[in-house]
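For reference, the structure discussed in these notes is given below.
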Amino acid sequence: MSNSSFNRRQFLARTGKAAAVPLLASISNTVLGANDRISIGIIGCGSRGRNAHMEQIHRFSEEQNVAITAVCDVWRQHREQAADMVKEWYDLTPFQCENYQEILARDDIDAVSIASPDHHHCAHLTAAANAKKDAYCEKPLAMNMRELNKAVDAVKRNKTVVQIGTQLRSWPSFTGCKKVVQEGKLGQIIKCMQVRNSYRPYWHQYAKPVEEKDANWKTFLGNARPRPFDPDRFSAWYGYRDYSTGAIGGFMSHFIDLVHYITGAKFPLTAVTMGGIYRWKDQRTCPDSVHTLLDYGDFMVSYCTVFGNNAGNTMRFLGTKGDLDTTDWRNPVMSGESVEDPDRIKGTSPVPEVSRPQHMEDWLQCLRTRNKPNADIDAGYQHAVAVLLSDMAMTHQRMMKFDPAARRIRRV
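Counting the sequence shown from 1 gives a position; this note's numbering is that position plus 21.
Encoded structure:
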C-alpha cells in the first residue's frame, strides 16, 4: 500500500464518518493533492469487467476522485481493450499483466475490482485482503465452503472494505420492498419464489474463437483440474461446472441475496435441488434446468430456471397480509387480493422507492469513509452459503443442511 493510502486510511479511521468526507476534501486540496486520488486495479477484463465494473468506476471517477491505473486479464485482447479504455478516460497508460498477483504487489494500487471467472473469486479476494487492498468482487462469491470461509476470514482479519456484486440490493425499488416488509405490511413472509426462464443458456453468447497464443491457459485454470487448452472452456466458462455452478450461481445468487436483504433472513437451514441437461446437450456441463427449494425455518424459498423455453419470469414474496410482486424489478407492486384476512393489504399499489447510492458508487464512497458497503462480506457469505447448499443438494441428490457454528454443509 502506498504511503499516501496508508496516511489517508489512518486519518479516516481516526476522524470517523461525520468528519472524514469534508475534512478529506480540504486536505486533498491543500496537502495531499493528486496523491489523494484512489488508484484501482481491474482483475478480469471480460465483458463484465469492462462493461460493468470499469464503466461504473469511470462514471464516478471525478466525483469520488478515483482512477483505474492497472488492468489484468489472461486473454490478451480483453486486457488490451481495457487498457485502451483507461488511456481514453484518464490520459494515462495503465500497468498491464496476466497474473493478478502482479497488481496486488504494487504499492501504487489502493483497491481492486474482481470480475474474474467464478472459480477464482475466493482466491483473488483472499489474496487482495491479505495484500491490504479493498475490493469489489463479483458474485457468486464461492465455489466451495473451504475457500469461502478462508476469504471471509481474510477480509475480516485485514479490515478491508469489500462490496459483493449483488447490485440489486442497491436498487431504490428493492430497498422500497425491504422497507415495506420490515414495516410488517405483508405480515409474516411465508414463501419467496422466482422463476427465471430463457430459450438459450446465457453462456452460449460468450463462446468465441480463441488462439492459444493469446490465452494464458494455465493461469485461467488456477486450481481447477489440468487439461489441454480448450477455446470453448476458455471463452464460455460459464457453462462448465469446473468454473461455474450455472444458473444457481449466476441467477439465483441475485435472487437469494434479495431474499436476505428484503426479509432480514441470513442462512437457509436445508435445501433440496433437482437439475439436469434436458435441452442443450452439448459439451458443456452446467445444467440447463434446475429447481431448488430452501427452508429458512419461518418461510420457504423456491427458485427455478429452464433454458429451452422462454416461458416468462416471475418473482414474488408471499405474506399473510398480501403479495409483493417484484417480477418487474423497477416497478414492484403489493396487493391483498390473494388473501382473505381482514387485516390484508387493501387494493393494489406500487411500492415507493427508497433512494440509495448506486452499487459501485456506494463502494467508492466507503473506500473513504471505511463504512460497510450495502453488500458487505457478511451479505456475500450469506448468499454464497445458500448457493452452495442448493448446488450440493443437486450434486449429492440429497437434502443438505448448513451448520452455521461449524461453517459446514452436511447431508441430512
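Each residue gets a CB set at the ideal place from its N, CA and C atoms; glycine is no exception. Because the structure is a prediction, the values reported are computed rather than measured.
The C-alpha of Trp301 lies about 11 Å from the C-alpha of Asn330. Judged by DSSP secondary structure, Cys198 falls outside any beta strand (DSSP E) and instead within the alpha helix (DSSP H) spanning 193-203. The closest CA to that of Gly62, considering only Thr147, Ala73, Asp139, Lys154, is found on Lys154. Comparing alpha-carbon positions, the option among Leu125, Glu159, Lys160, Ile135 lying closest to Asn151 turns out to be Leu125. Distance from the Cα of Tyr317 is smallest, within the candidate group Leu410, Lys367, Asp235, for Leu410. If you draw a 10 Å sphere on the C-beta of Val433, you find fewer than 16 other C-beta atoms in it, and that means exposed. Non-local C-beta neighbours of Ala286 in its own chain, meaning closer than 7 Å and more than five positions away in sequence, comprise Val280, Tyr317, ordered along the chain. Scanning the region 185-263 for uninterrupted alpha helix (DSSP H) segments of 4 residues or longer gives 193-203, 238-242, 252-256, listed from N- to C-terminal end. The alpha-carbon separation between Asp319 and Ala400 amounts to approximately 19 Å. A residue is called buried when at least 16 other Cβ atoms come within 10 angstroms of its Cβ; Pro289 meets this threshold and is buried.
DSSP places Arg419 outside any alpha helix (DSSP H), giving it a letter other than H or E. Counting only runs of 3 or more residues that sit fully inside the region 111-166, the beta strand (DSSP E) segments are 116-118, 132-135, 155-158, in chain order.
In this structure, DSSP gives Val408 a helical state, which the three-state scheme calls helix. Judged by DSSP secondary structure, Phe276 falls within the alpha helix (DSSP H) whose first and last residues are 274-284. Annotation for Val293: Leu314, Ala414, Met420 place their beta carbon closer than 6 Å to its own, counting only its chain and skipping 5 residues before and after.
Ranked by Cα distance from Ser82, the first of Ser60, Gly65, Gly67 is Ser60.
Assignment of Gly401 by DSSP, reduced to helix, strand and coil, places it in the helix class.
Cys158 and Ile185 do touch by the CB rule: their CB atoms are close to 6 Å apart, below 8 Å. Annotation: Gln102 to Ala88 spans about 17 Å, alpha carbon to alpha carbon.
Apart from the 5 residues on each side of it in sequence, Val354 sits with its Cβ closer than 7 Å to the Cβ of Asp346, Thr369, Ser370, Pro371, Val372 in its chain, given in chain order.
In the DSSP assignment, His74 falls outside any alpha helix (DSSP H) and carries neither an H nor an E. The alpha-carbon of Tyr223 is positioned some 13 Å away from that of Ile269. Note on geometry: alpha-carbon atoms of Lys239 and Asp263 lie some 14 Å from one another. Trp384 carries a helical assignment under DSSP once its states are collapsed to helix, strand and coil. Ranked by how close their Cα comes to the Cα of Met295, the residues His417, Thr284, Lys393, Leu146 have His417 in first place. The residue among Met381, Phe328, Met164, Asn392 with its C-alpha nearest the C-alpha of Ala245 is Met164. Assignment of Asp57 by DSSP, reduced to helix, strand and coil, places it in the helix class.
Look at the beta carbons and you see the region 386-398 not touching the region 358-365: under three pairs across the two are nearer than 8 Å. Residue pairing from DSSP places Phe423 in a beta bridge opposite Ile430. Sixteen is the threshold: since fewer than 16 other Cβ atoms of the shown chains lie within 10 Å of the Cβ of Gln304, the residue is exposed.
In this structure, Ala91 places its C-beta atom within 8 Å of the C-beta atom of Ile130. Pairing Lys422 with Arg428 gives a Cβ-Cβ distance that is not under 8 Å. The region 319-402 is shown to contain whole beta strand (DSSP E) runs of 3 or more residues at 321-327, 334-340, 344-346, 354-356, 369-371, in chain order. For a cut-off of 8 Å, the C-beta gap from Asp344 to Ser323 is around 14 Å, too long to register as a contact. In the structure shown, the three-state DSSP call for Leu290 is coil.
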